[in-house]
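What follows is one structure encoded as structure tokens, with my remarks underneath.
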């Protein structure tokens with residue numbers, strides 16, 4: 001590997017040693033590093049559970065914290081563990097045990113994010129309910145990306161059933177035949193459309209529906225030519241039916257309308273999948289997009305007389321006339337070229353149903369209260385914090401929501417520092433516009449006595465930076481897990497996969513490649529002193545002991561079930 005290095009030539013490492021250095025060396029050190037951050041700073045817990053290819057129930061625990069040394073918000077894997085009980089109580093016990101084993105105090109948790117299933121976010125028996133019993137002030141957020149996907153899915157259920165069947169039929173027609181795919185590529189050359197494959201409609205992938213609609217529209221001319229020819233020779237797989245649907249007035253109109261609206265939903269979904277800090281813009285972004293979709297069918301004067309939270313999308317008294325419902329530029333343009341005449345009213349009512357259900361689902365899943373915690377968090381943006389017209393004149397309204405971040409006796413000083421931001425506005429104008437950098441740099445501001453001017457406010461705000469905006473990061477862990485644990489490697493233990501992921505994370509957090517990565521002095525010392533090997537031997541011994549215990553317990557259960565009644569012999 002390194003032919004120019006005599007030292008490298010002298011290294012001999014087979015698979016066992018390489019494996020335990022990765023797992024019991026690099027992986028363990030990374031886990032300890034992340035745990036140490038959680039011990040000494042506030043963090044958010046982001047979890048999800050799935051069943052892997054070996055039918056093992058796996059729980060992934062991510063943490064988000066503000067890394068003061070690197071001045072950035074970091075999402076890091078803490079561990080991936082196998083669980084026997086996937087109920088809310090069972091998952092909470094597993095997480096609590098993990099925190100205790102790493103000596104991480106639960107009161108350092110300021111936020112929690114997960115998907116929106118009842119196991120995680122159930123009000124009474126969900127994971128978040130058990131967490132709130134131990135940490136009452138924890139900030140709970142259902143995954144925004146999951147919520148948008150569910151909103152779109154529920155809204156799509158109001159559309160005519162033939163539309164989804166049509167999208168599935170188009171994809172399935174090509175999925176079963178490589179010959180058809182090759183022929184379609186030739187048609188794409190003739191129609192001069194991009195050589196993209198047709199996408200499959202999936203109920204579980206977040207952006208699936210919008211991507212499928214967009215791809216069908218992109219390939220519309222090529223598909224029309226293809227199915228026109230196929231309808232004459234194919235009598236089995238429904239090419240004639242697909243061609244008939246494509247030439248039916250209203251099909252393309254509906255796809256153009258859907259493409260316009262779903263693009264808005266998918267754009268928000270993609271934005272909040274970001275690993276970068278997005279919490280401060282979450283409320284305003286969702287509110288603006290919600291208002292934009294509402295305005296497609298709600299009269300403009302309603303927005304002048306009602307607060308956004310009070311506008312009921314199911315109230316027909318607020319609607320525009322059916323002819324004035326907005327359908328998107330491309331859809332309106334095709335109406336001019338290909339009017340639907342007597343069917344136009346029915347078409348617009350179908351679109352109205354979709355918009356009403358979409359807005360109803362958004363209203364159900366997101367809060368539009370102007371005094372909600374989510375709305376107040378926009379003060380994390382420097383522009384908002386330094387504005388004389390800022391919505392939050394008293395920082396105490398936000399501070400009381402997070403009693404673990406600031407003591408009650410410090411609230412007076414915190415409010416004074418918040419007010420002093422305006423008085424020091426001139427000296428702060430050259431500071432960074434980034435929320436993360438701004439609050440970090442605020443610590444360095446001095447007063448006339450060369451003392452630190454802002455002591456409490458920067459710490460409070462930096463702790464709030466650790467709050468989550470989605471659980472997309474933990475979904476990425478499962479994607480990586482499925483790459484490592486495949487049909488050929490399904491015997492890998494969950495702990496092995498976890499340590500490989502941690503080792504990968506250790507290299508990534510340095511911003512280096514595997515060739516550029518520099519191991520720490522403590523890791524080198526552990527390898528040289530044999531500590532990694534000792535951990536490996538202890539882990540193997542524990543694994544074998546567990547296998548033996550499981551085997552004998554199974555035998556005991558089997559023997560007890562199959563045990564026959566004793567034979568009683570009575571002597572005359």
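Residue numbers (UniProt numbering): 1 to 572. Note that the Cβ used here is the ideal one computed from N, Cα and C, for glycine as well. Values in this document were obtained by computation on a predicted structure and should not be read as measured data.
Give the DSSP-derived three-state secondary structure of residue 49 in the structure shown. Strand.
Just mark residue 408 as buried or exposed, buried being the case when its beta carbon has 16 or more other beta carbons within 10 Å. By the 10 Å Cβ count, residue 408 comes out exposed.
What number of angstroms, rounded off, separates the C-alpha of residue 176 from the C-alpha of residue 246? Whole-angstrom Cα-Cα distance: 20 Å.
Does DSSP put residue 142 in a helix, a strand or coil? The answer is strand: DSSP assigns residue 142 an E or B state.
Over what stretch of residues does the alpha helix (DSSP H) that includes residue 110 continue unbroken? Under the DSSP assignment, residue 110 falls outside any alpha helix (DSSP H), being part of the beta strand (DSSP E) whose first and last residues are 109-114.
Tell me whether residue 581 is buried or exposed, calling it buried when 16 or more other Cβ atoms sit within 10 Å of its Cβ. Outside the shown range of the chain, which is 1 to 572, sits residue 581, and nothing can be said about it.
In DSSP terms, what residue 72 is bridged to: Looking at the DSSP assignment, residue 72 forms a beta bridge with 67.
Could you work out which residue in 418, 352, 262 and 351 is closest to residue 380 when comparing CA atoms only? Of the residues 418, 352, 262 and 351, the one whose Cα lies closest to the Cα of residue 380 is 418.
Leaving out five residues before and five after residue 494 in sequence, what residues of the same chain have Cβ atoms less than 7 Å from its Cβ? So the qualifying residues of the chain are 56, 58, 80, 81 and 82.
Segment limits, alpha helix (DSSP H) that includes residue 16: Element bounds for residue 16: 15-21.
Does residue 108 pass the burial test, meaning 16 or more other C-beta atoms within 10 Å, or should it be called exposed? Around the C-beta of residue 108, 16 or more other C-beta atoms lie within 10 Å, and the residue is accordingly described as buried.
Bridge partner(s) assigned by DSSP for residue 58: The beta-bridge partner set that DSSP reports for residue 58 consists of 50 and 82.
Classification of residue 321 by the beta-carbon crowding that lies within 10 angstroms, buried from 16 upward: Taking every protein chain shown into account, the CB of residue 321 has fewer than 16 other CB atoms within 10 angstroms, so this residue is exposed.
Can you tell me the Cβ-Cβ gap for residue 363 and residue 403, rounded? I've got them flagged as a contact below 8 Å. Contact between residue 363 and residue 403 does not hold, since the beta-carbon distance rounds to 30 Å and is not under 8 Å.
Helix, strand or coil, according to DSSP, for residue 497 in the structure here? In this structure, residue 497 counts as helix in the three-state DSSP scheme.
Relative to the C-alpha of residue 370, which residue among 383, 384, 392 and 387 is closest? Distance check between residue 370 and each of 383, 384, 392 and 387 places 392 closest, using alpha-carbon atoms only.
Note down the Cα distance separating residue 172 from residue 149, rounded to an integer number of angstroms. Between residue 172 and residue 149, the alpha-carbon positions lie close to 23 Å from each other.
In whole angstroms, give me the CA-to-CA distance for residue 510 and residue 503. CA-to-CA, the gap between residue 510 and residue 503 works out to about 11 Å.
So, for residue 520: in the same chain, excluding its five sequence neighbours on each side, which residues have a beta-carbon less than 8 Å away from its beta-carbon? If we look at residue 520 and ignore the five residues flanking it on each side, its Cβ neighbours are 29.
Assigned exposure category for residue 359 - 16 Cβ within 10 Å defines buried: The residue is buried, with at least 16 neighbouring Cβ atoms inside 10 Å.
Looking at residue 505 and residue 77, is the spacing between their C-beta atoms short of 7 Å? For residue 77 and residue 505, yes; Cβs fall inside 7 Å.
Spatial neighbours of residue 388 in its chain, beta-carbon cut-off 8 Å, leaving aside the 5 residues before and after: If we look at residue 388 and ignore the five residues flanking it on each side, its Cβ neighbours are 422.
Scan the segment 158-198 and note each continuous beta strand (DSSP E) run of 3 residues or more that stays entirely inside, going in chain order. Listed in chain order, nothing qualifies, since the segment 158-198 has no complete beta strand (DSSP E) run of 3 or more residues.
Does the Cβ of residue 436 have 16 or more other Cβ atoms within 10 Å, making it buried, or fewer, making it exposed? Around the beta carbon of residue 436, 16 or more other beta carbons lie within 10 angstroms, which makes this residue buried.
Should residue 537 be labelled buried (16 or more other beta-carbon atoms within 10 Å of its own) or exposed? Exposed, because fewer than 16 other Cβ atoms sit within 10 Å of the Cβ of residue 537.
So what's residue 77 in DSSP terms, helix, strand or just coil? It is a strand residue.
So, is residue 269 buried or exposed, given that buried needs 16 or more other C-beta atoms within 10 angstroms? That one is buried.
Just checking, does the segment 257-275 make contact with the segment 228-235 on the three C-beta pairs under 8 Å criterion? As far as the Cβ criterion goes, the segment 257-275 does not touch the segment 228-235, which means the pair count is below three.
Out of curiosity, what's the CA-to-CA distance linking residue 561 and residue 151? Low confidence applies here, because residue 561 scores a pLDDT of 47, under 50, leaving its location unreliable; read the following figure in that light. Computed Cα separation, rounded: 50 Å.
Give the straight-line distance between the Cα atoms of residue 442 and residue 318, rounded to the nearest whole angstrom. Our two residues, residue 442 and residue 318, have alpha carbons roughly 47 Å apart in a direct line.
Spatial neighbours of residue 420 within its chain, please: C-beta separation below 8 Å, excluding the five flanking residues on both sides. Excluding sequence positions up to five before and after residue 420, its CB lies within less than 8 Å of the CB of 453 and 454, all in the same chain and listed in chain order.
From the DSSP secondary-structure annotation, give me the bridge partner or partners of residue 446. In the DSSP assignment, residue 446 forms a beta bridge with 452.
Per DSSP, which one or two residues make a beta bridge with residue 379? Assignment of beta-bridge partners to residue 379 by DSSP yields no partner.
Do you know offhand how far residue 141's Cα is from residue 469's? When rounded, the distance between both Cα atoms is 7 Å.
Rounded to whole angstroms, how far is the Cβ of residue 226 from the Cβ of residue 286, which I believe are closer than 8 Å? Your pair residue 226 and residue 286 does not check out as a contact, with CB atoms roughly 40 Å apart and the cut at 8 Å.
What is the DSSP secondary structure of residue 319, counted as helix, strand or coil? Three-state DSSP puts residue 319 in a strand.
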